[in-house]
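Protein chains in written order, with our numbering: chain W, 4 to 404; chain C, -6 to 241. All C-beta atoms in this analysis are idealised placements derived from N, C-alpha and C, irrespective of residue type, glycine included.
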Amino acid sequence: MQHDVIIIGGGLVGMTLALALDAHGVTSAVVDAADLGATTTSEFDGRVSAIASASARMFRAIGLGGVLDKHGGAIDGIRVTDGLSPLNLHFDAAEGDAGPLGWMVENRLLRTALLEAQAKAAGLTLHAPARAVVERTKAGVTATLGDGTVLGAPLVVAADGRRSALREAAGIRASRWTYPNVALVTMIEHADEHGGVAAEIFYPSGPFAVLPMRDPHRSAIVWTVDEGDAPGYLKLGPRGLSAEIARATGGYLGDLQVIAPPSSYPLSFHHAGSYVAERLALIGDAAHGIHPIAGQGLNMGLRDVAALTEVLVDAVRTGLDLGAPAVLDRYDRWRRVDNMAVAAATDTLNQLFALKGRAPAAVRRLGLAAVERIAPLKRRFMAEARGETGDRPKLLLGELV
Amino acid sequence: MESKESPAASATTDPREAAFFGGLASDWWDPKGSSAMLHRINPLRLGYIREACVDRWGLDRRARAVLSGRRALDVGCGAGLLTEPLSRMGAAVTGIDAAAENIAAAQAHAGALPIVYRSIAVEALAREGATYDLITCLEVIEHVADRPAFFAALRTLLAPDGLFVFSTPNRTPLSYATLIVGAERVLRSIPRGAHDWSKFVQPDELTAELADAGLTVTGVQGMTWRPGTGFVLGRDVSVNYFGTAIPT
Ligand SMILES: Cc1cc2nc3c(=O)[nH]c(=O)nc-3n(C[C@H](O)[C@H](O)[C@H](O)COP(=O)(O)OP(=O)(O)OC[C@H]3O[C@@H](n4cnc5c(N)ncnc54)[C@H](O)[C@@H]3O)c2cc1C
């Protein structure tokens, strides 16, 4: 069966690409090793994602706005503090007039919305659970599934996550390192309303993020702790953990309880040296993974989706071979440098906040105070949070290509 | 049969140059081969052609096969780098080239695409009486020996509401430095000896020659290379330029 594109990996990024392409009449086959129906349960993925406003505009443009309207919690402000010091940096959506900075949505609800849209998408075929043997040649790509089905296309997209087998097979090197931290993820219910404000509280072990859910009395917690401390926290039990979280927040949400079993994720950084190879393009975590300090991991992947969709739609409409180097190079140029900048900034931020001692703390406070006072700098940070920096693909402006 | 006509029978194509390009035919489709430069500018030039067609005929700019139902002629088609995309854009395309070897390579590569390839000169084709909605003639004009005869033939081949799209290097010191010294000799991204700078045409000269043939130029844009971005279209016509023309 011949398609415009074969996508390996139907996670949040791969499936969004398939739907964005379908919205432009570009056909695809998505192959995922997992049973995607099972990925919509909270046991599989209890995480919550911040969908930056630019990513949200793309969702709306391709008909996925419903999940934000029905389930999304609007982020109207972000407050960044150095520990519990009273000095803070506040980003307020009301300072611009472009609506919320982003939306908090549970990953499982995003997955459900993507699968529902997939079922209705005419130009999209899903093969899951299935594994493919992918062969890339000068002439084209074939993907042979376990049941003998052979898929053909001029291009294969690797959306197969951080341990991308396609990336490895293409011999693309990724620079990588691991952080000596893990992220603890859970959900809390609190007496006081969060007011749509996301809090990023920086501790020496890393950021402690409180993310406002749709229910004004619920927030998601992403807590970066030292690797060695994680098992201890996980064993605490709901009461002990609630007490620790209350202490870390400084009590600004009133009484609180943990309402979901905590899970932990190791943190690492990786960035592929190239996003393209012969008839191959990498997107999402297959291309890059950053510290979740700024909630940008998925958003970087969604920006890849927007750029690659524009590149491929332009190519289809001008009759080009979708796997031609001139087509793929445009995507690589467009996204790799931009992502490198985000990755570097995130890493720097993390390093800066991880430094112990009084001098770094002074620098951080000075930095926070400076950003707070210097309007252009602050606007720049806001734009970053919204996902509005760089040369933006049309989808991130809310327009179809 | 016209398609058996030998390249030498054409009055307007320099036979030495035709032989030179024929020798390159098998290499045409290798994106890293001697036509690497054409592969790299192809997205830009196809985008330009598409825009021009959308504007000329008020087409749906989001349509996948925007040229459906239109007849197109690609003059100097080589091995079909532009012809195949025009076919996928929906046009019923005829690709012609003076070098029979190019036509053979193009036919071999076309696969199932319904393209008509012929080794025939435009003057001979014009005598057959068919007309085309779109005529493309990219990086060809600078190789033509008798331009007035060539343009007159194109005018005959163009339908009354048709569109002619051309591109060609300008004749400036910068184009000499870029194309002859830089691209051919230093970078070797264009085959050495592919161009004769003295035959390059300046935009105003070309506009006047086309006017003499009954074709009105409706727009000219320059193509330049920018570090970090690659090839872009703009006002700078000092190296290479694209243009559109319609029957006067
Ligand atoms: C603790 C934590 C918190 C985070 N918080 C945020 C946040 O708030 N905001 C944000 O933007 N980002 C966040 N991120 C990052 C975000 O989760 C990821 O960037 C995003 O989910 C990546 O999606 P993906 O589709 O590229 O990869 P994945 O979600 O890894 O999907 C890969 C898919 O490919 C399939 N697959 C793998 N190998 C194969 C194969 N060989 N054949 C077939 N299929 C295969 C898998 O089954 C899977 O479905 C966070 C990450 C962590 C760890």
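Near ligand 1: residue i beta-carbon under 7 angstroms from a heavy atom
| i | result |
| --- | --- |
| Leu301 (chain W) | yes |
| Gly164 (chain W) | yes |
| Tyr268 (chain W) | yes |
| Ile42 (chain C) | no |
| Ala3 (chain W) | What is shown of chain W runs 4 to 404, which leaves residue 3 (chain W) out entirely. |
| Ser56 (chain W) | no |
| Asp229 (chain W) | no |
| Pro116 (chain W) | Note that residue 116 (chain W) is Ala in the sequence shown, not Pro. No. |
| Ile11 (chain W) | yes |
| Ala206 (chain C) | no |
| Leu15 (chain W) | yes |
| Gly199 (chain W) | no |
| Val70 (chain W) | no |
| Arg306 (chain W) | no |
| Ser245 (chain W) | no |
| Pro177 (chain W) | This sequence places Ala at residue 177 (chain W); Pro is not what is there. Not so, every heavy atom of ligand 1 lies at least 7 angstroms from the Cβ. |
| Ser52 (chain W) | yes |
| Ala37 (chain W) | yes |
Euclidean distance between Cα positions of residue i and residue j
| i | j | result |
| --- | --- | --- |
| Phe14 (chain C) | Ile183 (chain C) | Residue placement at Phe14 (chain C) is flagged as unreliable, the pLDDT there being 49, under the threshold of 50; the coordinate-derived value follows with that caveat. Cα-Cα distance, rounded: 12 angstroms. |
| Ala212 (chain W) | Ala346 (chain W) | 18 angstroms |
| Glu(-5) (chain C) | Ala91 (chain C) | Per-residue confidence for Glu(-5) (chain C) stands at a pLDDT of 38, beneath the threshold of 50, marking its modelled position as unreliable; no derived number is given. |
| Asp79 (chain W) | Gly198 (chain W) | 8 angstroms |
| Ser222 (chain W) | Thr19 (chain W) | 26 angstroms |
| Thr237 (chain C) | Leu400 (chain W) | 31 angstroms |
| Asp150 (chain W) | Val34 (chain W) | 13 angstroms |
| Thr149 (chain C) | Glu202 (chain C) | 15 angstroms |
| Arg139 (chain W) | Glu281 (chain W) | 7 angstroms |
| Ala146 (chain W) | Ala146 (chain C) | 49 angstroms |
| Gly243 (chain W) | Ala263 (chain W) | 14 angstroms |
| Ala405 (chain W) | Ser80 (chain C) | Look at the range of chain W in this structure, 4 to 404, and you will see that residue 405 (chain W) is not part of it. |
| Phe94 (chain W) | Ile81 (chain W) | 5 angstroms |
| Ala309 (chain W) | Pro269 (chain W) | 28 angstroms |
| Ile224 (chain W) | Leu214 (chain W) | 6 angstroms |
| Arg55 (chain C) | Val86 (chain C) | 21 angstroms |
| Pro207 (chain W) | Pro89 (chain W) | 17 angstroms |
| Ala263 (chain C) | Thr76 (chain C) | An answer regarding residue 263 (chain C) cannot be provided, because it is not within the stretch -6 to 241 covered by chain C. |
| Ala58 (chain C) | Phe157 (chain C) | 19 angstroms |
| Pro234 (chain W) | Gly68 (chain W) | 38 angstroms |
| Gly223 (chain C) | Thr124 (chain C) | 36 angstroms |
| Asn95 (chain C) | Asp229 (chain C) | 32 angstroms |
| Ile191 (chain W) | Leu104 (chain W) | 22 angstroms |
| Gly83 (chain C) | Tyr110 (chain C) | 16 angstroms |
| Ser112 (chain C) | Arg63 (chain C) | 22 angstroms |
| Leu187 (chain W) | Leu283 (chain W) | 34 angstroms |
| Gly326 (chain W) | Pro210 (chain W) | 41 angstroms |
| Val319 (chain W) | Val8 (chain W) | 11 angstroms |
| Gln214 (chain C) | Val194 (chain C) | 14 angstroms |
| Gly276 (chain W) | Asp335 (chain W) | 10 angstroms |
| Gly13 (chain W) | Val159 (chain W) | 13 angstroms |
Beta-bridge pairing of residue i - partner residues as DSSP gives them
| i | result |
| --- | --- |
| Tyr125 (chain C) | C:Leu151 |
| His93 (chain W) | W:Arg82 |
| Ser267 (chain W) | W:Leu187 |
| Asn233 (chain C) | C:Pro162 and C:Met216 |
| Met107 (chain W) | W:Ala53 and W:Gly76 |
| Gly155 (chain W) | W:Gln5 and W:Thr145 |
| Pro215 (chain W) | W:Ser222 |
| Ile34 (chain C) | According to DSSP, Ile34 (chain C) bridges with nothing at all. |
| Val29 (chain W) | Paired residues: none, contrary to the question. |
| Asp229 (chain W) | W:Asn184 |
(message) So, does the region 68 to 76 of chain C touch the region 31 to 38 of chain C, judging by three or more C-beta pairs under 8 angstroms?
(response) Per the Cβ contact rule, the region 68 to 76 of chain C is in contact with the region 31 to 38 of chain C (3 or more Cβ pairs under 8 angstroms).
(message) Runs of 3 residues minimum, wholly inside the region 174 to 224 of chain C: which ones carry the beta strand (DSSP E) assignment?
(response) Segments of the beta strand (DSSP E) lying fully in the region 174 to 224 of chain C: 208 to 219.
(request) Scan the region 40 to 110 of chain C and note each continuous alpha helix (DSSP H) run of 4 residues or more that stays entirely inside, going in chain order. (result) Restricting attention to alpha helix (DSSP H) runs no shorter than 4 residues, the region 40 to 110 of chain C encloses them at 76 to 81 and 93 to 102, ordered along the chain.
(message) Quick test of the definition: if touching needs 3 or more C-beta pairs under 8 angstroms, does the region 244 to 254 of chain W touch the region 118 to 137 of chain W?
(response) Contact fails: fewer than three Cβ-Cβ distances are below 8 angstroms.
(message) Between the region 151 to 169 of chain C and the region 219 to 238 of chain C, can you find at least three pairs of beta-carbon atoms closer than 8 angstroms?
(response) Touching, per the Cβ criterion.
(request) May I have a chain-ordered list of the alpha helix (DSSP H) segments no shorter than 4 residues that lie completely inside the region 250 to 325 of chain W? (result) Correct list: 300 to 320.
(message) If contact is defined by three or more beta carbon pairs under 8 angstroms, each pair taking one atom from either stretch, is the region 284 to 292 of chain W in contact with the region 158 to 165 of chain W?
(response) Counting C-beta pairs closer than 8 angstroms gives three or more between the region 158 to 165 of chain W and the region 284 to 292 of chain W, which meets the contact rule.
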